[in-house]
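Worksheet: the structure to be examined is printed underneath.
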Amino acid sequence: MNYLPNILFAIALIVGIGFFANNVRKLIRNIKLGRDVDVSDHTSQRWKNMAMIALGQSKMVKRPVSGFLHIIVYVGFIIINIEVLEIIIDGLAGTHRIFSSIGPLYGVLIGVFEILAVLVFISVIIFWIRRNIIKIKRFWANEMTSWPKNDANYILYIEMVLMALFLIMNATDLKFQAMENGNIISQYLTPLFSGLSEGTIHIIERSAWWMHILGILAFLNYLYFSKHLHILLAFPNTYFGKVVPKGQFKNNAAVTKEVKMMMDPNVDPFAAQPEGEGDGTPAKFGASDVQDLSWVQLLNAYTCTECGRCTSECPANITGKKLSPRKIMMDTRDRLEEVGKNIDANSGVFKEDGKQLLDDYITREELWACTTCNACVEACPVSIDPMSIIMEMRNYLIMEQSTAPMELNNMMTNIENNGAPWPYNQMDRLNWKNE
Amino acid sequence: MREQLIVPTMAEFMAQGKQPEVLFWVGCMGSFDDRAKKVTKAFVKLLHKSKVDFAVLGTEESCTGDPAKRAGNEFLFQMQAVTNIEVLNAYEIKKIVTACPHCFNTIKNEYPGLGGNYQVMHHTQFLKSLLDEGRLTIEGGQFKGKRITFHDPCYLGRANEVYEAPRDLIRKLDAELVEMKSCKSRGLCCGAGGAQMFKESEPGNKEINVKRTEEAIEVKPDIIAAGCPFCNTMMTDGVKSTNKESEIAVMDIAELIANAQDL
Chain Z
1 MNYLPNILFA IALIVGIGFF ANNVRKLIRN IKLGRDVDVS DHTSQRWKNM AMIALGQSKM
61 VKRPVSGFLH IIVYVGFIII NIEVLEIIID GLAGTHRIFS SIGPLYGVLI GVFEILAVLV
121 FISVIIFWIR RNIIKIKRFW ANEMTSWPKN DANYILYIEM VLMALFLIMN ATDLKFQAME
181 NGNIISQYLT PLFSGLSEGT IHIIERSAWW MHILGILAFL NYLYFSKHLH ILLAFPNTYF
241 GKVVPKGQFK NNAAVTKEVK MMMDPNVDPF AAQPEGEGDG TPAKFGASDV QDLSWVQLLN
301 AYTCTECGRC TSECPANITG KKLSPRKIMM DTRDRLEEVG KNIDANSGVF KEDGKQLLDD
361 YITREELWAC TTCNACVEAC PVSIDPMSII MEMRNYLIME QSTAPMELNN MMTNIENNGA
421 PWPYNQMDRL NWKNE
Chain U
436 MREQLIVPTM AEFMAQGKQP EVLFWVGCMG SFDDRAKKVT KAFVKLLHKS KVDFAVLGTE
496 ESCTGDPAKR AGNEFLFQMQ AVTNIEVLNA YEIKKIVTAC PHCFNTIKNE YPGLGGNYQV
556 MHHTQFLKSL LDEGRLTIEG GQFKGKRITF HDPCYLGRAN EVYEAPRDLI RKLDAELVEM
616 KSCKSRGLCC GAGGAQMFKE SEPGNKEINV KRTEEAIEVK PDIIAAGCPF CNTMMTDGVK
676 STNKESEIAV MDIAELIANA QDL
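Protein chains in written order, with the working numbering: chain Z, 1 to 435; chain U, 436 to 698.
Below you can see the structure in the form of structure tokens.
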């Protein structure tokens, strides 16, 4: 017997999954470059969020057209991938459609796969038209050039090809067609190949089969370099997403300690720090680079699929300002990738490269344009919080660099001196009742 | 016209050994801004009308620290917060009402982590509860049949998911509540949040408040109802910039209810 195809298949599978595992390792390593953050609270709420938002697509359907199409592609993707299990068993064992022995149910399954494959194919074409013909504004913003623009289209092409290969594979499988069980769609494609010899049709079937599985393995490895990572990361990201009211910004514990000390008359400011304390004090306030962000924020960056719903709802962006919440996420990921590559190239240690997230990627003009209105956070279908990154970077600008727009410095001086953002005397606070 | 309002302070309550039902947190805008002061007074009149035993901190009140925190100055924010919490806790305050969503959000969400735990209500929620308890009656009066659109403040709506209390109150005025294209969780910001109120905006092609006012004008309202002193200012400026101030009024919900009863 000839075991060559089985061996080749096993090698392809091992290489494909091996590379993918390596990508995942790198991904986790990069995410862990972020500051630690406690996410052990609200466990049941977190599971609920993941079930509703990621699994249940509850936020996707806030925009009904793209939401509906996305659900088709999402459901299609998950269900059709059951077929991959059969392909893997067939490929390793040298069998042919091993599950077909289960009888009529097999036909039902394949029939469903075929219908979904067509629906996915159509949806993906509509997605492509929305992006490239109708040119929906959010897909054509400033940050959506070169790689981000191409990446989005490549994904659509890959999905079209994979779905087409699946249907061709079924249509040219003469044994499967002869079964008349589940070939709901592919039976109409079979006549296309009627003029060809049985041998040629078999070659087409084998080619489609191989290209389908190799395509899936290649796509799996494409994820790490693409915005398409969301198909995996949407799940952990919605779990680790914000669980407190959107208006609640976190209080910096290191600052609290300092403030409490200042307010406590019994504290001896010259006392030596007790043993073991002071470890919790961050080396710096806020964030100027990706390592200063929390690992959840870095996970956010890898999860972003650049749909631009955030940017299309951002009041600053709508009115022509440079700020785009999507760009904040893309910049964070790009810089994180750069830092990751730097670490790889320097045997595991980051070598100072004279660059940082602030200024080299995200400008101050963008940061100061944010109204903290939470529209971006609300709009994100996978619980990304771009605003929290903006806030961390503002913390850095104010608390480490003391560089704020002049008017904001005046406002803060007023609060410090007289307890209001304007230069009014605190003693006049109740004057309104007599006016 | 000068009018004398009775506004007791916590210090006065303390001197008499009494506790008010609720502390009215006036806020900086409500204390100093000419437009917002009118809202403060309207709300005080409604409190009196509903026989609510309330007090203010008066000269002991200080900025919650919201604009400092959103600007990025965590240190100044916490200094303000801890100082305010000391005052509030010394008076053993349990319940706070405020007409400013920024104060509301900060005290409700960010003070507990610093030792300040209170029941905090936005004035529209508080007025709604007075209505439900039968302590406040709302009549349509001059607003009967008027088209009113409500502009959701970010820090009341998205930030704390309070969407219905202000709308319920507007409906009680026998007015026609009309919704803007983007409202509730998708309401567009007025442009003042995140300390933007205190600075010039970055270069762009339009001011945010003008954009939001245009959205409001699309639904042809007689009145744009606000629930935030900052939004009130921004929308008022927006209406002025589109030369519609003779047709469209910007009013706080407390003012609508108070005016309807000629208070």
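C-beta atoms are modelled at their ideal positions from N, C-alpha and C, and glycine is treated no differently. Just so you know, these numbers come straight off a predicted model, no measurement behind them.
Per-residue DSSP class, three states only, for residue i
i	result
W422(Z)	coil
S347(Z)	coil
R582(U)	strand
M436(U)	Unreliable positioning characterises M436(U) in this predicted model, as indicated by a pLDDT of 47, which lies under 50. A coordinate reading is not provided.
I415(Z)	helix
A689(U)	helix
R35(Z)	strand
M52(Z)	helix
S197(Z)	coil
P64(Z)	helix
G569(U)	coil
G76(Z)	helix
L623(U)	coil
G575(U)	coil
T518(U)	helix
M393(Z)	helix
I28(Z)	helix
N431(Z)	helix
P104(Z)	helix
G241(Z)	coil
H483(U)	helix
K257(Z)	helix
G94(Z)	coil
L323(Z)	coil
A369(Z)	coil
I11(Z)	helix
Residues bridged to residue i [DSSP beta-bridge criterion]
i	result
H557(U)	T533(U)
G491(U)	The displayed chain sequence assigns Val, not Gly, to residue 491(U). T444(U), per the DSSP bridge assignment.
E611(U)	R582(U)
V457(U)	F489(U)
A661(U)	D687(U)
I362(Z)	L358(Z)
S294(Z)	R35(Z)
Check whether residue i and residue j have beta carbons under 8 Å apart
i	j	result
C498(U)	P421(Z)	yes
N300(Z)	N237(Z)	yes
A234(Z)	T303(Z)	yes
V73(Z)	V118(Z)	no
W209(Z)	M169(Z)	yes
L174(Z)	E159(Z)	no
C666(U)	A630(U)	no
V555(U)	K543(U)	yes
N221(Z)	G91(Z)	no
A651(U)	M615(U)	yes
A534(U)	G462(U)	yes
Y224(Z)	N30(Z)	no
T162(Z)	I110(Z)	Strictly speaking, residue 162(Z) in this sequence is Leu, with Thr absent from that position. Not in contact: L162(Z) and I110(Z) (Cβ atoms no closer than 8 Å).
Whole-angstrom C-beta distance between residue j and residue i, which should lie under 8 Å
i	j	result
S186(Z)	L167(Z)	6 Å
M399(Z)	G286(Z)	6 Å
A324(Z)	E143(Z)	Note on identity: in this sequence residue 324(Z) is Ser, with Ala being the wrong assignment. Yes, they are in contact, since the Cβ atoms of S324(Z) and E143(Z) sit about 6 Å apart, within 8 Å.
P536(U)	I583(U)	Actually they are not in contact, since the Cβ atoms of P536(U) and I583(U) sit about 19 Å apart, beyond 8 Å.
L591(U)	C663(U)	7 Å
G507(U)	K321(Z)	G507(U) to K321(Z), Cβ: 18 Å. No contact.
R647(U)	C625(U)	5 Å
Residue i at chain B interface by Cβ criterion, 8 Å
i	result
E456(U)	Going by chain labels, chain B is absent from the structure shown, which instead holds the protein chains Z and U.
Any non-hydrogen atom of the ligand MN within 7 Å of residue i CB
i	result
C463(U)	Questions concerning the ligand MN fall outside what the structure shown contains, since it holds no ligand whatsoever.
Any 3 or more C-beta pairs closer than 8 Å across the segment 476-495 of chain U and the segment 563-570 of chain U: yes
Three CB pairs or more closer than 8 Å across the segment 251-270 of chain Z and the segment 50-65 of chain Z: no
Touch test, the segment 352-371 of chain Z against the segment 260-268 of chain Z, Cβ-Cβ under 8 Å, three pairs minimum: no
Segment contact, 8 Å Cβ cut-off, at least three pairs: the segment 681-693 of chain U with the segment 593-609 of chain U: yes
Contact the segment 79-90 of chain Z vs the segment 129-148 of chain Z: 3+ CB pairs below 8 Å: no
Inter-stretch contact (C-beta, 8 Å, three-pair minimum) for the segment 354-365 of chain Z and the segment 288-298 of chain Z: yes
Any 3 or more C-beta pairs closer than 8 Å across the segment 405-425 of chain Z and the segment 466-475 of chain U: yes
Cβ pair count under 8 Å reaching 3, the segment 404-418 of chain Z against the segment 380-389 of chain Z: no
Stretch pair the segment 499-511 of chain U + the segment 406-417 of chain Z: three plus CB contacts closer than 8 Å: yes
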